[in-house]
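Residue numbers (the numbering used here), protein chains in the order written: chain A, 1 to 343; chain B, 1001 to 1296. Glycine included, C-beta positions come from ideal geometry on N, C-alpha and C. Quick notes on the structure that follows.
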Amino acid sequence: MRLVARIPELVVPALLVIAVAALGSFTSRTNEIHFQTALVDVAIVVGLYVFIGNSGVLSFGHVSFVAVGAFAAGLMTISPEIKRSIMPQLFPILRDHSLGNVESLALAAGLGAVFAFVAGLPLMRLSGLAAGIATLAVLGITHNVLFNYTKIGPGPTALTSIPETTGLVQGMIGALIAIATAWLYQLSRFGRLLRATREDPAAAQAVGVSIHRQRLIAFVLSGALCGLAGGLFVHAAGTITTEDVYLNLTFLTLAMLVVGGVGSLLGAVVGALLVSGLDSFLTTAEGGVHVLGVKIDLTDGTHLVVLGVAMALVLVLRPRGLTGSREFRLRRVRWWHSAEAAT
Amino acid sequence: MLQTVFNALALGSVYALMAVGIGLVFGVLRLVNFAYGQLIMAGAYALAIGSSHGWPEWVSVLTCFGVVIALSLLMELGLFRPLRGSSAATMLVATFAVAFLLQSIALLKFGSLVKTAAIFPGLFNPIAHGELETVRKITVVAIACAVVALVALTLLLGRTTIGLHMRAASQDFQTARALGVRANAVITVAVVLSGVLAAVVSVILVVQNPFVEPHFALRDTIIVLVGVVVGGIDRLWTATLGGFAIGVATSVFTDELSSAHSVYVDSFVFGLVILVLLVRPEGVFAPFRTRPVERA
Chain A
1 MRLVARIPEL VVPALLVIAV AALGSFTSRT NEIHFQTALV DVAIVVGLYV
51 FIGNSGVLSF GHVSFVAVGA FAAGLMTISP EIKRSIMPQL FPILRDHSLG
101 NVESLALAAG LGAVFAFVAG LPLMRLSGLA AGIATLAVLG ITHNVLFNYT
151 KIGPGPTALT SIPETTGLVQ GMIGALIAIA TAWLYQLSRF GRLLRATRED
201 PAAAQAVGVS IHRQRLIAFV LSGALCGLAG GLFVHAAGTI TTEDVYLNLT
251 FLTLAMLVVG GVGSLLGAVV GALLVSGLDS FLTTAEGGVH VLGVKIDLTD
301 GTHLVVLGVA MALVLVLRPR GLTGSREFRL RRVRWWHSAE AAT
Chain B
1001 MLQTVFNALA LGSVYALMAV GIGLVFGVLR LVNFAYGQLI MAGAYALAIG
1051 SSHGWPEWVS VLTCFGVVIA LSLLMELGLF RPLRGSSAAT MLVATFAVAF
1101 LLQSIALLKF GSLVKTAAIF PGLFNPIAHG ELETVRKITV VAIACAVVAL
1151 VALTLLLGRT TIGLHMRAAS QDFQTARALG VRANAVITVA VVLSGVLAAV
1201 VSVILVVQNP FVEPHFALRD TIIVLVGVVV GGIDRLWTAT LGGFAIGVAT
1251 SVFTDELSSA HSVYVDSFVF GLVILVLLVR PEGVFAPFRT RPVERA
C-alpha cells in the first residue's frame, strides 16, 4: 500500500521529462539542443540529489564525476584513426581502441562510481559541512589533472569530433534512468537510513546506523549517475573543454537543485528544467533574441548574474526551494518530512 | 633554500589571514563565506582603478578598504541576516551564489582582460643583495602584516568586551544572546573585521601579482577553504593554522616541484589534504579527544 502511494513520486517527474522531450521534438533543429541540454541537466541534478538531498551534506565535487564520465565517454567513442592524428600522445590503450555509444555510457557510469568510491572513502568520514567543502579538493584535482595531463585526454585544448549520438530520445532515457534509480534508492532501506542520519545524526548513530557507510553508498550511487550524465553531456554537445565541467557547471547544477528544492526528487527535476530553460534563454538572448516583438539583447555574462540573483532570491524567500522540498502526492499534499516521519 | 622558506612563510601568512577572515564569520554565524575571494577581487579592482586614474597610493588603499568593507556589510544585511538560522547548507549555497554574482558583475563591468594595478612597486625589489637577492620586500611585508593583524586580533578577542562577546557567541550563540550579548553588534563586528582582513589580503596579493581579472584570488580562496576545513573549522585558531599550513604546503610544492610537475601543484596540495583527512578527519590541529557527535 505504501509503495502504491509513492508511485506518483516517480511518475510525475518522469512525465515532466517525457513532456520536455516531446516538446523538443516539435521545435526547430536549432532549438532542439536546448531541450537536450535540459534533459542532460536533469540527469546531473538528479545525480546530485541522490547524495545531497538524502544526506543533507552539500557537495561541490560532483562535477568531477561528470567530468570524468564526459571525458572517458567522449575519448572512447572517437575512432582510433582520428585519435592517432589529433592526440598521438595518448596512452596506447586509450588511443588504439574505441567503444560504441552505449558501452561508452556504461563506462562513464562505472568510472563515476569508482572515482566517487575512492574520493568518498576519506571524505565521507568528515562532519557534514567539512565534507562538503573538502569535496572541492576532488574537483580541484580533477580539473588540474584533466587540464594538464595530455596522456589521458586533450589537456587544455577542446576534445572535438565526438560522435553526437545523444539526441532527445537518449537524453530522455538517461534522465529517466537517473530518476528511476533515485526513486528506488529513496524507497530502499539504505535511503531511509541515510535520511535518518540527516534528520538526527546522534539518534541515528545511537540505533546503530553508520553515517560513514550510508553516506558513502549514496556518494557512489550519485557518482555513477553523474558519470552517466557526463557521458550524455559529451555526446549531446560533441565537444568539451575542462572549463565546461568546472566551477560554472558546479554553480549551475547546485542552483538548479536549490531552486527546485534540495529535499525532493520532484524539486531536483523541476529545478533542473526551469533553470536550464532560463539559462538557455538568457544565453541565447546574449546573442540577441526577439520575444513577443521586443528585441532583447543582453551583454555577455548576463546569464550568470541573473541566475545568481534568482538563486539568492529563492534562498531568501523560499529556503526549501520552489517545491518546498515536497514530493508529489495524490492525497492532500503534506509536508515532506512529516510524511517521512510516518514511514 | 632561504627563498623557499620566505615564500612559504609569506603565502602561509596570507592564507592564514584569509582563514581568519573566513573563521571569524563562521564562528558567529556558522556560515562558510564562499564569496570571500570575490571580496578580495573587488578590493583588487578598486586598487586597479585607483592606479589607472593616477590616484595617490593611500587613496587607492583607502578606497580598497572602503569597497571591501561596504560589500561585506551589504552581504550581511542583504543575505546573511535574512538567512540567519537556516541550515548551513542553505547559507553555503547562498554565498556560493553571491560569489558567482560578484564574479559575473566583474566580468560584465571590466571584461575578462587583465587590468594592471601598479601599487607600491618598490616592494617588488629584493630586500638585500647577495644571498637574499631572490627574496622580495613584499614577502617580508606580507609576513609582518599577518603577524601584526593576528596579534591585534588576539588582543581584540582576548582583552575587549566585544571580543569576549564574540568568543561567547561562537561557543553558543543562543545562550550568549540570552545572557545579553547583542547578536547584531557581534555579527556586524565580525563581518567588518573579516572585511578588513580581506582588504589587507587584496593589497598584499595585488602587490605580488598586479594583474587583476575576474578570477583574481579565486584559486587562493578554494585552497584556503579546504585548508580551513583540514585545520578544523570549529575553532578560530585551528582554522588559522590550517590556512597557514596549506599556504606553506602550496608554496613549497610550487618552489620545489620540477618544472615538468609544477603544473600539478594543486593536485599535490589537494592530494596531501585527502591523505591528511584519512588520518585525522576531525582536523589536523583539533585537540586529541573522542570525536564529537555531529550537530544537525
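Is the beta carbon of residue 225 of chain A closer than 8 Å to that of residue 20 of chain A?
What you label residue 20 of chain A is simply residue 20 of the first sequence in a count that begins at 1. What you label residue 225 of chain A is simply residue 225 of the first sequence in a count that begins at 1. Contact flag unset, no.
So which of B:1262, B:1030, B:1061 has the shortest CA-CA distance to residue 1045 of chain B?
The sequence position of residue 1045 of chain B within the second sequence is 45, counting from 1. A check of alpha carbon separations from residue 1045 of chain B across B:1262, B:1030, B:1061 identifies B:1061 as the nearest.
For a quick check, are the C-beta atoms of residue 1083 of chain B and residue 315 of chain A less than 8 Å apart?
Position 83 of the second sequence, counted from the first residue, corresponds to residue 1083 of chain B. Position 315 of the first sequence, counted from the first residue, corresponds to residue 315 of chain A. Contact flag set, yes.
Where does residue 251 of chain A sit, in a helix, a strand or coil, going by DSSP?
In the first sequence, counting from the first residue as 1, residue 251 of chain A sits at position 251. Residue 251 of chain A falls in the helix class under three-state DSSP.
List the residues of chain A whose Cβ lies closer than 8 Å to the Cβ of residue 1113 of chain B, in chain order.
Here residue 1113 of chain B refers to the residue found at position 113 of the second sequence. Per Cβ cutoff of 8 Å: no residues; residue 1113 of chain B is ~13 Å from chain A at best.
Using a Cβ cut-off of 8 Å (strictly closer), state whether residue 414 of chain A contacts chain B.
Any question about residue 414 of chain A goes unanswered here, given that chain A covers just 1 to 343.
So residue 108 of chain A and residue 72 of chain A are in contact, right, with Cβ under 8 Å, and what is the actual spacing, rounded?
Indexing the first sequence from 1 puts residue 108 of chain A at position 108. Indexing the first sequence from 1 puts residue 72 of chain A at position 72. Confirmed, about 5 Å.
Residue 83 of chain A bridges to which residues according to DSSP?
The residue you call residue 83 of chain A lines up with position 83 of the first sequence. None, per the DSSP bridge assignment.
Going by CA-CA distance only, name the one from B:1116, B:1209, B:1248 that's closest to residue 1224 of chain B.
Stepping through the second sequence from its first residue, residue 1224 of chain B is reached at position 224. Comparing Cα-Cα distances from residue 1224 of chain B to each of B:1116, B:1209, B:1248, the minimum goes to B:1248.
Given that residue 311 of chain A touches chain B, what residues does it touch there, using C-beta distances under 7 Å?
Translated into positions along the first sequence, residue 311 of chain A becomes position 311. The contacting residues are 1097.
CB contact flag (residue 259 of chain A, residue 274 of chain A, <8 Å)
Your numbering for residue 259 of chain A matches position 259 in the first sequence. Your numbering for residue 274 of chain A matches position 274 in the first sequence. Contact flag set, yes.
Could you list the residues in the stretch 130 to 164 of chain A with a C-beta less than 7 Å from some C-beta on chain B, going in chain order?
Closer than 7 Å at the C-beta level to chain B, one finds these residues of the stretch 130 to 164 of chain A: 130, 132, 133, 134, 136, 137, 140, 141, 144, 145, 148.
Tell me whether residue 1110 of chain B counts as near the ligand PLP, meaning its Cβ is closer than 7 Å to at least one heavy atom of that ligand.
This structure lacks the ligand PLP, and indeed carries no ligand of any kind.
Check whether chain A comes within 8 Å of residue 1266 of chain B, counting only Cβ atoms and requiring the distance to be less than that.
Indexing the second sequence from 1 puts residue 1266 of chain B at position 266. Yes, residue 1266 of chain B counts as interfacial toward chain A.
Nearest to residue 1105 of chain B by alpha carbon, out of A:202, A:323, A:162, A:303?
Taking the first residue of the second sequence as 1, we reach residue 1105 of chain B at position 105. The residue with the shortest Cα to Cα distance from residue 1105 of chain B is A:303.
Proximity of residue 1220 of chain B and residue 1037 of chain B at Cβ, strictly below 8 Å:
Residue numbering aside, residue 1220 of chain B sits at position 220 when the second sequence is read from its first letter. Residue numbering aside, residue 1037 of chain B sits at position 37 when the second sequence is read from its first letter. Taking 8 Å as the Cβ cut-off, residue 1220 of chain B and residue 1037 of chain B qualify as a contacting pair.
Please return the same chain residues whose Cβ sits closer than 6 Å to the Cβ of residue 1286 of chain B, not counting the five positions on each side in sequence.
Sequence index remark: in the second sequence, residue 1286 of chain B carries index 286 (1-based). So the list reads 1232, 1238, once near-sequence residues are dropped.
Contact criterion: CB-CB distance below 8 Å. Does residue 1086 of chain B meet it with respect to chain A?
Start at 1 with the first residue of the second sequence, and residue 1086 of chain B comes out as number 86. Closer than 8 Å: yes.
Check for me: the alpha helix (DSSP H) holding residue 1328 of chain B runs from which residue to which?
Nothing in the structure corresponds to residue 1328 of chain B, since chain B is present only between 1001 and 1296.
Collapsed DSSP secondary structure at residue 1109 of chain B in the structure displayed:
Along the second sequence, read from residue 1 onward, the residue named residue 1109 of chain B stands at position 109. Helix, per DSSP.
From what residue to what residue does the alpha helix (DSSP H) around residue 1187 of chain B run?
For the purposes of this step, residue 1187 of chain B is taken as the residue at position 187 of the second sequence. It spans 1183 to 1208 - the alpha helix (DSSP H) in which residue 1187 of chain B sits, taken as one unbroken run.
Looking at the structure shown, is residue 159 of chain A part of a helix, part of a strand, or coil, going by DSSP?
For this step, residue 159 of chain A is matched to residue 159 along the first sequence. It is a strand residue.
At what residues does the alpha helix (DSSP H) containing residue 320 of chain A begin and finish?
On the first sequence, residue 320 of chain A is found 320 positions in, with the first residue counted as 1. It is not in any alpha helix (DSSP H) - residue 320 of chain A carries neither H nor E in the DSSP assignment.
Taking Cβ positions only, does residue 1281 of chain B come closer than 8 Å to chain A?
The residue you call residue 1281 of chain B lines up with position 281 of the second sequence. Yes, because at least one Cβ of chain A sits closer than 8 Å to the Cβ of residue 1281 of chain B.
Contact under 8 Å by Cβ, residue 197 of chain A with residue 211 of chain A:
On the first sequence, residue 197 of chain A is found 197 positions in, with the first residue counted as 1. On the first sequence, residue 211 of chain A is found 211 positions in, with the first residue counted as 1. Yes. Within cutoff.
Relative to the C-alpha of residue 1052 of chain B, which residue among B:1145, B:1117, B:1250, B:1202 is closest?
On the second sequence, residue 1052 of chain B is found 52 positions in, with the first residue counted as 1. Looking at the Cα atoms, B:1117 is the closest of the given residues.
In this structure, does DSSP put residue 1137 of chain B in helix, strand or coil?
As a first step, residue 1137 of chain B is located in the second sequence; it is residue number 137 there, counting from the start. Three-state result, residue 1137 of chain B: helix.
Closer than 8 Å by C-beta to residue 1119 of chain B: which residues in its own chain qualify, once you throw out the five before and the five after it? Chain order, please.
If you number the second sequence from 1, residue 1119 of chain B lands on position 119. Closer than 8 Å at Cβ, skipping near neighbours: 1047, 1050, 1051, 1057, 1060, 1061, 1203, 1206, 1207, 1210.
Candidates A:74, A:70, A:58, A:164: closest to residue 130 of chain A by CA position:
Here residue 130 of chain A corresponds to residue number 130 of the first sequence, with the count starting at 1. The shortest Cα separation from residue 130 of chain A among A:74, A:70, A:58, A:164 belongs to A:58.
For chain A, check one thing: does any of its Cβ atoms lie closer than 8 Å to the Cβ of residue 1082 of chain B?
Sequence index remark: in the second sequence, residue 1082 of chain B carries index 82 (1-based). Closer than 8 Å: yes.
Let's see if you can read the secondary structure: which residues bound the alpha helix (DSSP H) around residue 1057 of chain B?
Numbered from 1 along the second sequence, position 57 holds the residue referred to as residue 1057 of chain B. Looking at the DSSP string, the run of the alpha helix (DSSP H) that includes residue 1057 of chain B is 1057 to 1075.
According to the neighbour-count rule (16 or more other Cβ atoms, all chains shown, within 10 Å of its Cβ), is residue 136 of chain A buried or exposed?
Working through the first sequence from its first residue, we reach residue 136 of chain A at position 136. Flag for residue 136 of chain A reads buried.
Taking only runs that begin and end inside the stretch 35 to 84 of chain A, name each unbroken beta strand (DSSP E) of 3 or more residues, in chain order.
none
Can you have a look at residue 243 of chain A and say buried or exposed, based on whether 16 or more other CB atoms are within 10 angstroms of its CB?
Position 243 of the first sequence, counted from the start, is the residue given in the question as residue 243 of chain A. It is exposed - the Cβ of residue 243 of chain A has fewer than 16 other Cβ atoms within 10 Å.
Whole-angstrom distance between residue 245 of chain A and residue 1019 of chain B, CA atom to CA atom
Start at 1 with the first residue of the second sequence, and residue 1019 of chain B comes out as number 19. Start at 1 with the first residue of the first sequence, and residue 245 of chain A comes out as number 245. Going from the Cα of residue 1019 of chain B to the Cα of residue 245 of chain A covers about 27 Å.
Excluding five sequence neighbours on each side, which residues of the same chain lie with their C-beta closer than 8 Å to the C-beta of residue 333 of chain A?
Translated into the one-based positions of the first sequence, residue 333 of chain A becomes position 333. Low confidence applies to residue 333 of chain A: its pLDDT is 49, below 50, so where it sits in the model is not reliable, and the reading given next is rough at best. 326, listed in sequence order.
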